[in-house]
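Same order as they appear, the protein sequences are chains A and B.
Residues in the first sequence are numbered from 80 upward in steps of one, following my numbering.
Residues in the second sequence are numbered from 203 upward in steps of one, following my numbering.
To start, the structure under review is shown below, and the notes come after it.
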Amino acid sequence: MALIELKDIFKSYPLDGFDLQILKGITLQIEQGEFVAIMGPSGSGKSTLMNILGCLDSPSSGSYILDGKPVEHLTPDELADIRNKKIGFVFQGFNLLSRTTALENVELPMVYSSVPSHVRLEKAQHALKAVGLEERMNHMPNQLSGGQQQRVAIARAIVNNAPIIFADEPTGNLDTKMSVEIMQLFCKLNQEMGRTIILVTHEEDIARYAKRIIKIVDGEIYSDKRNGK
Amino acid sequence: MIDTSTTFSIALRAIKANKMRSILTSLGIIIGVAAVIIMLAIGNGAQLTIQSEMKSMGTNLIMIRSGTSTSGGKRMGHGSQPTMKASDGNAIEEKIEGIALAAPVLNDAGQIVYGNANWSTSIIGTDNRYFQIKDWDLAYGRYFSQTDVKNAGKVAILGTTVVKELFGDVDPLGKTIRVKGIPFTVIGVTTERGQSGPGMDQDDMIYIPLSTAQKKVTGISFPDMVNMIMLQAETAEDTYSSQEAIKALLRQRHNLGVNKDNDFVIMNLTQMMEMMETSTQVLTILLGSIASISLLVGGIGIMNIMLVSVTERTREIGIRMAIGAKSWDIRLQFLTEALVLSLIGGLIGVIIGLAGAGLVSVFSSFKAVVSVFYIVLPFSFAGFVGLFFGFYPAYKASLLNPINALRYE
Chain A
80 MALIELKDIF KSYPLDGFDL QILKGITLQI EQGEFVAIMG PSGSGKSTLM NILGCLDSPS
140 SGSYILDGKP VEHLTPDELA DIRNKKIGFV FQGFNLLSRT TALENVELPM VYSSVPSHVR
200 LEKAQHALKA VGLEERMNHM PNQLSGGQQQ RVAIARAIVN NAPIIFADEP TGNLDTKMSV
260 EIMQLFCKLN QEMGRTIILV THEEDIARYA KRIIKIVDGE IYSDKRNGK
Chain B
203 MIDTSTTFSI ALRAIKANKM RSILTSLGII IGVAAVIIML AIGNGAQLTI QSEMKSMGTN
263 LIMIRSGTST SGGKRMGHGS QPTMKASDGN AIEEKIEGIA LAAPVLNDAG QIVYGNANWS
323 TSIIGTDNRY FQIKDWDLAY GRYFSQTDVK NAGKVAILGT TVVKELFGDV DPLGKTIRVK
383 GIPFTVIGVT TERGQSGPGM DQDDMIYIPL STAQKKVTGI SFPDMVNMIM LQAETAEDTY
443 SSQEAIKALL RQRHNLGVNK DNDFVIMNLT QMMEMMETST QVLTILLGSI ASISLLVGGI
503 GIMNIMLVSV TERTREIGIR MAIGAKSWDI RLQFLTEALV LSLIGGLIGV IIGLAGAGLV
563 SVFSSFKAVV SVFYIVLPFS FAGFVGLFFG FYPAYKASLL NPINALRYE
């Protein structure tokens with residue numbers, strides 16, 4: 080059974096009395112261990128799709144089965160629980176808590192799943208080591224470079240052993256050298272740790288790191304191809 | 203679910219991040235709690251002062267005074283129509299259940315002379331039961347003897363104020379003083395009692411045997427006359443329950459027909475004391491409630507800052523929600539922050555309030571007495587105010603949509 084199964088997903092927002100259709104029937108399956116890039120021009124609906132896949136938002140209609148469980152009608156608190164246990168997020172703007180050390184930022188998902196504090200500390204240190212930041216654990220975000228901040232965010236995404244990592248333009252705020260490092264880290268997570276990675280980007284050379292590229296245009300899947308590197 | 207210690211450490215961190223703002227926000231609570239503590243302490247002090255003053259007059263007291271007389275249309279006030287006899291008191295003590303003691307009191311006032319010194323004071327003709335009822339010891343000397351009473355002995359017990367004014371440092375025992383021109387021997391001095399109310403010095407008095415007062419010092423209009431009988435009931439309850447029986451007995455003894463009014467007045471001092479206590483209690487509550495208005499205003503300050511804080515930290519809330527914080531976690535976080543803010547303010551307020559109550563006692567005539575209850579009350583009220591006014595901002599934060607919150611700039 081696929082890890083993610085979308086069937087006929089529609090999403091619309093009310094705008095000036097009309098319903099603005101963003102997603103127009105997306106059907107899609109993603110297997111455990113895949114590395115998928117979702118591409119598309121701005122306004123294509125890729126961010127909305129990302130939000131629905133990431134359980135940050137619910138579809139207007141259609142069904143979404145995540146890891147064998149239908150999630151389309153869950154309450155916000157139930158979705159929060161799923162995000163906490165199954166999903167790790169990496170955002171373009173890093174979204175770390177300011178005035179909070181790297182270590183504490185990484186501990187955050189476990190704070191909300193009642194992990195005892197000594198276990199939290201151990202797992203957070205382990206995750207920071209995995210992204211190569213063992214030297215910077217007690218630095219605040221503003222004492223870290225962009226690439227280092229994004230590594231902290233990645234550590235936060237993997238610390239709870241979530242099977243899926245969603246990365247929304249993870250290299251958008253980084254220069255080329257750092258982007259390469261971050262993308263190599265994603266590849267490593269995918270290959271060595273078996274994490275399913277779903278990447279949203281509009282940059283072709285970033286998408287090339289993925290094994291499968293789904294293009295969204297105007298709320299519909301335009302193409303869905305294996306990446307023949 | 204987030205655990206309690208983590209919640210508190212997050213709250214403390216947020217409060218420390220904006221130190222100045224946190225202090226200013228707590229200021230309303232600080233002032234409110236301090237004001238409530240000081241006001242309650244003043245009210246409490248007033249109550250204790252009244253209680254101790256009343257207690258110094260004697261416990262479970264009933265006074266019976268002669269009734270009123272009318273002279274040419276003018277009503278003359280209590281005691282103006284002499285009707286009471288010392289024997290009335292003895293009858294009450296003997297026959298009425300619940301009455302332990304009855305002391306006769308015949309008042310007079312006059313000039314007292316010792317050597318070159320003279321002093322005007324109250325003269326009280328009574329017997330030893332007076333001191334028993336008032337639970338009043340002698341500093342030195344002796345009470346009246348059987349002989350003094352029987353023979354109308356010219357002996358006097360002095361209050362300390364009189365001793366001070368007439369004798370200075372001289373030992374007054376055995377000395378002869380003149381009371382309205384009649385020589386008396388000083389046999390005793392009472393211990394110091396202080397005031398029984400503003401301007402009423404209980405030590406500015408001399409006591410002589412009732413028989414002496416009746417026969418030699420005061421001009422009385424009929425035999426065995428007294429101005430007042432002071433009764434001590436066995437319990438506070440008896441001061442109420444014995445009144446009807448006393449009234450009936452006195453009416454019978456004074457031969458009052460059915461249509462005649464009482465020619466005496468019964469005053470229950472326990473009742474008066476209870477009334478005064480009630481009125482100071484009302485005063486305390488009033489002062490406390492006025493002060494707690496500032497606590498409420500402080501609470502509004504907290505709500506205001508928490509609302510600002512929620513808006514400022516929209517992105518933080520978005521991050522927390524994306525990572526798995528449930529709405530309850532977010533609510534708890536902001537509620538805890540408001541609670542910690544108000545409790546820190548409350549704690550500082552308690553310290554300032556205690557210091558303030560101390561200063562009031564030192565620098566003013568009010569006696570401010572702090573009790574544990576009057577500290578716990580405003581402190582917990584501050585906590586309640588924090589929770590109450592913190593609820594809306596926390597609720598608002600918990601309703602945020604993670605997508606919009608993450609996009610918030």
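For each residue, glycine too, the CB sits at the ideal point set by N, CA and C.
Neighbour list for residue i in chain A, Cβ cutoff strictly below 8 Å
i, result
"B:M222", "Result: empty, since nearest Cβ-Cβ is about 16 Å, beyond 8 Å."
"B:I605", "N130, L135 and D136"
"B:L537", "Simply none; closest approach about 16 Å."
"B:A540", "The premise fails here: B:A540 is roughly 20 Å from chain A at the closest Cβ pair, so nothing lies under 8 Å."
"B:L509", "In chain order: nothing, as chain A lies at least about 20 Å away."
"B:G226", "Reading off the sequence, residue 226 of chain B comes out as Leu, not Gly. Neighbours of B:L226 on chain A: none; closest Cβ ~20 Å, over 8 Å."
Beta-carbon separation (whole angstroms), residue i vs residue j, contact threshold 8 Å
i, j, result
"B:D337", "B:T363", "That pair is no contact at about 19 Å."
"B:Q434", "B:A293", "Between B:A293 and B:Q434 the Cβ distance is about 16 Å, and since that is not below 8 Å, they are no contact."
"B:A570", "B:I240", "7 Å"
"A:V238", "A:A181", "Not quite, the Cβ-Cβ distance comes to about 12 Å (not below 8 Å), so this is no contact."
"B:V587", "B:G490", "Contact doesn't hold; Cβ gap of about 14 Å is too wide."
"A:V279", "A:D247", "5 Å"
"A:Q222", "A:F173", "A:Q222 to A:F173, Cβ: 13 Å. No contact."
"A:L135", "B:I605", "5 Å"
"A:K294", "A:M118", "5 Å"
"A:I144", "A:A241", "About 17 Å separates the two Cβ atoms, so there is no contact after all."
"A:R291", "A:R305", "6 Å"
"B:S322", "B:N309", "Between B:N309 and B:S322 the Cβ distance is about 14 Å, and since that is not below 8 Å, they are no contact."
"B:V572", "B:A557", "B:V572 to B:A557, Cβ: 11 Å. No contact."
"B:T157", "B:F386", "Past the edges of chain B, shown from 203 to 611, lies residue 157 of chain B, and the structure says nothing about it."
Beta-carbon contacts of residue i that lie in its chain and below 8 Å, excluding the five residues immediately before and after
i, result
"B:F210", "T538 and V542"
"B:G585", "L541, S544, L545 and G548"
"B:F568", "I244, G247, A248 and V562"
Same chain only: Cβ atoms within 6 Å of residue i, ignoring 5 sequence neighbours per side
i, result
"B:G291", "A304, P306 and I431"
"B:L471", "L263"
"B:A599", "V512, I519, I532 and F536"
"A:A234", "V185, A206, L207 and V210"
"B:G245", "L485, T486 and L489"
"A:S258", "T250"
"B:A319", "L368"
"A:I131", "P138"
Chain-ordered chain B contacts of residue i [CB-CB under 7 Å]
i, result
"A:V190", "I204 and T208"
"A:A159", "M523, G526, A527 and K528"
"A:P155", "S529"
Cross-chain neighbours of residue i in chain B, by beta carbon under 9 Å
i, result
"A:L102", "Going along chain B, no residue has its Cβ under 9 Å from A:L102, so there is no contact; the nearest lies around 14 Å."
"A:L187", "I521, R522, I525, G526 and A527"
"A:N163", "I525, G526, A527 and K528"
Contacts that residue i makes with chain A (C-beta to C-beta distance below 7 Å)
i, result
"B:E518", "L176"
"B:L534", "Ordered by position in chain A, no residue passes the 7 Å Cβ test against B:L534, which lies about 11 Å from the chain."
"B:A219", "R178"
"B:L229", "The premise fails here: B:L229 is roughly 24 Å from chain A at the closest Cβ pair, so nothing lies under 7 Å."
Chain B contact residues for residue i, given Cβ-Cβ distances below 8 Å
i, result
"A:E168", "The residue you asked about is not Glu; residue 168 of chain A is Phe in the sequence shown. Per Cβ cutoff of 8 Å: A524 and I525."
"A:S91", "Residues of chain B passing the Cβ test: none, with the nearest at roughly 15 Å."
Residues near residue i in its chain [Cβ-Cβ closer than 7 Å; skip 5 each side]
i, result
"B:S289", "D426"
"B:D350", "V357 and P411"
"B:I630", "Residue 630 of chain B cannot be examined here, being either before or after the span of chain B that is shown, 203 to 611."
"B:F466", "I266, R267, S268, G269, T285, M286 and L452"
"B:T414", "G327, A354, G355 and K356"
Partners in chain A for residue i, counting only beta-carbon separations shorter than 9 Å
i, result
"B:L214", "The contacting residues do not exist; B:L214 stays about 12 Å from chain A at best."
"B:L485", "Under the 9 Å cutoff, chain A gives no residues; its nearest Cβ is about 49 Å from B:L485."
Only counting runs of 3 or more residues, tell me where the beta strand (DSSP E) segments fall wholly within the segment 221-258 of chain A, in order along the chain. The segment 221-258 of chain A contains these whole beta strand (DSSP E) runs: 243-247.
Entirely within the segment 415-492 of chain B and at least 4 residues each: give me those alpha helix (DSSP H) ranges in chain order. Qualifying alpha helix (DSSP H) stretches, in chain order: 438-443 and 445-455.
Using a Cβ-Cβ cutoff of 7 Å, what residues of the segment 578-602 of chain B are near chain A? List them in chain order. Look at the segment 578-602 of chain B: it has no residue with a C-beta under 7 Å from a C-beta of chain A.
Interfacial residues, the segment 543-572 of chain B to chain A, with Cβ spacing under 7 Å: The residues in question: there are none.
Residues, ordered as in the chain, of the segment 487-500 of chain B that lie near chain A by beta-carbon distance below 8 Å: Cβ contacts with chain A come from no residue of the segment 487-500 of chain B.
Curious, which full-length beta strand (DSSP E) runs of at least 3 residues does the segment 315-398 of chain B contain? You should have 319-328, 340-343, 357-360, 378-381 and 384-392.
Given a limit of 7 Å on CB to CB distance, which residues of the segment 237-263 of chain B reach chain A? Listed by position along the chain: nothing, the set is empty.
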